[in-house]
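In this note's numbering, the protein residues as written are 154 to 413.
Backbone N, C-alpha and C define an ideal beta-carbon position, used for all residues, glycine too.
Small disclaimer: the values here were computed from a predicted structure and weren't measured.
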Amino acid sequence: MGATYHPKLSEIRVEKLRLRAYIGFIDWEKEKLQDVIISFSFKYDTALASETDEVAHAVDYKKITKKIIDFVDLKSFHLIESLAERVFLRIQSFGPALEDIKVKVEKPHALRFTDNVLVEIAGHDRYNTAVIALGSNINSEENFSKALVYLQELGFIMQRTAFIKTAPLKFEDQPDFLNGALLLNTKKSLSELKMNLKQIEALLGRVRSENKNAPREIDLDVLTYNGFLIDEEIQELPFLLDFVRELQPEFQVDRSALEK
């Protein structure tokens with residue numbers, strides 16, 4: 154049984170990226186380039202990057218910055234609120250490993266008698282959307298009920314699937330499993346959410362052994378997070394994909410990517 158892994162979060166900041174854009178809804182603002190100043194930051198687990206000193210294990214903040222420049226510079230926007238939101242979403246699109254994203258967009262001298270007008274977005278103020286899978290084949294119904302109580306403390310359960318019985322697939326000499334999934338809105342980052350799920354498993358009595366497919370009181374896994382596929386086990390357990398499709402019909406799973 155391996156040691157518990159603890160993420161090592163570090164913050165990356167890019168400050169005062171100075172660009173020019175058509176920003177505003179008044180006629181002259183649509184025709185005259187104005188200064189726009191963008192700052193952003195995010196956290197990610199730098200444990201592997203710092204241990205190996207390999208760029209392949211680091212988040213490419215230069216690539217993120219270039220993507221923002223290409224999107225903003227010399228382009229047109231009516232509202233700085235809209236611009237800030239779109240910049241935030243572009244940073245978020247780089248993957249679920251980026252946590253606590255913050256974006257600040259400044260429009261200098263936008264109002265008389267002021268130095269600046271700005272909009273700030275902080276990711277920790279927003280809810281993240283995750284699909285959580287539940288599985289158990291030891292006192293299944295009782296442990297599902299207990300797990301749901303704990304899961305409600307992590308956010309808001311918006312929807313859940315029916316709970317179904319499935320035969321064990323990888324280690325067959327054990328009872329059938331009770332399986333299900335729920336759609337959770339939470340302010341937890343992905344790393345926090347994973348650690349909280351492991352804590353709930355421990356509270357319900359799960360003890361991990363060398364046999365990863367042994368019977369268990371409860372198994373809790375993040376299937377998707379903010380539109381990203383997190384659990385590759387979907388490929389091996391098709392009912393998990395059915396759960397995702399039920400809870401997030403808009404979610405597209407690339408089967409070819411899963412088969413690689």
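Closest by CA to residue i, which one among the options?
i           : options               : result
residue 269 : 188, 382, 181 and 239 : 188
residue 229 : 311, 338, 179 and 196 : 179
residue 210 : 218, 200 and 263      : 200
residue 405 : 385, 380 and 386      : 380
residue 281 : 318, 326 and 344      : 344
Does residue i pass the burial test, meaning 16 or more other C-beta atoms within 10 Å, or should it be called exposed?
i           : result
residue 275 : exposed
residue 241 : buried
residue 288 : buried
residue 100 : The requested residue 100 does not occur in the structure, where the chain is confined to residues 154 to 413.
residue 320 : exposed
residue 387 : buried
residue 360 : exposed
residue 364 : exposed
residue 203 : exposed
residue 166 : exposed
residue 258 : buried
residue 302 : exposed
Measure the Cβ-Cβ separation of residue i and residue j and say whether it is below 8 Å.
i           : j           : result
residue 193 : residue 272 : no
residue 237 : residue 378 : no
residue 243 : residue 215 : no
residue 375 : residue 400 : no
residue 184 : residue 176 : no
residue 222 : residue 260 : no
residue 278 : residue 196 : no
residue 198 : residue 160 : yes
residue 190 : residue 296 : no
residue 341 : residue 307 : yes
residue 337 : residue 383 : no
residue 172 : residue 226 : yes
Name the DSSP bridge partner or partners of residue i?
i           : result
residue 283 : 337 and 378
residue 192 : 257
residue 165 : 195
Hey, is the segment 345-358 in contact with the segment 390-400, meaning 3+ C-beta pairs nearer than 8 Å?
no
Can you confirm whether the segment 302-320 touches the segment 333-350 when touching is taken to mean that 3 or more C-beta pairs between the two stretches lie within less than 8 Å?
yes
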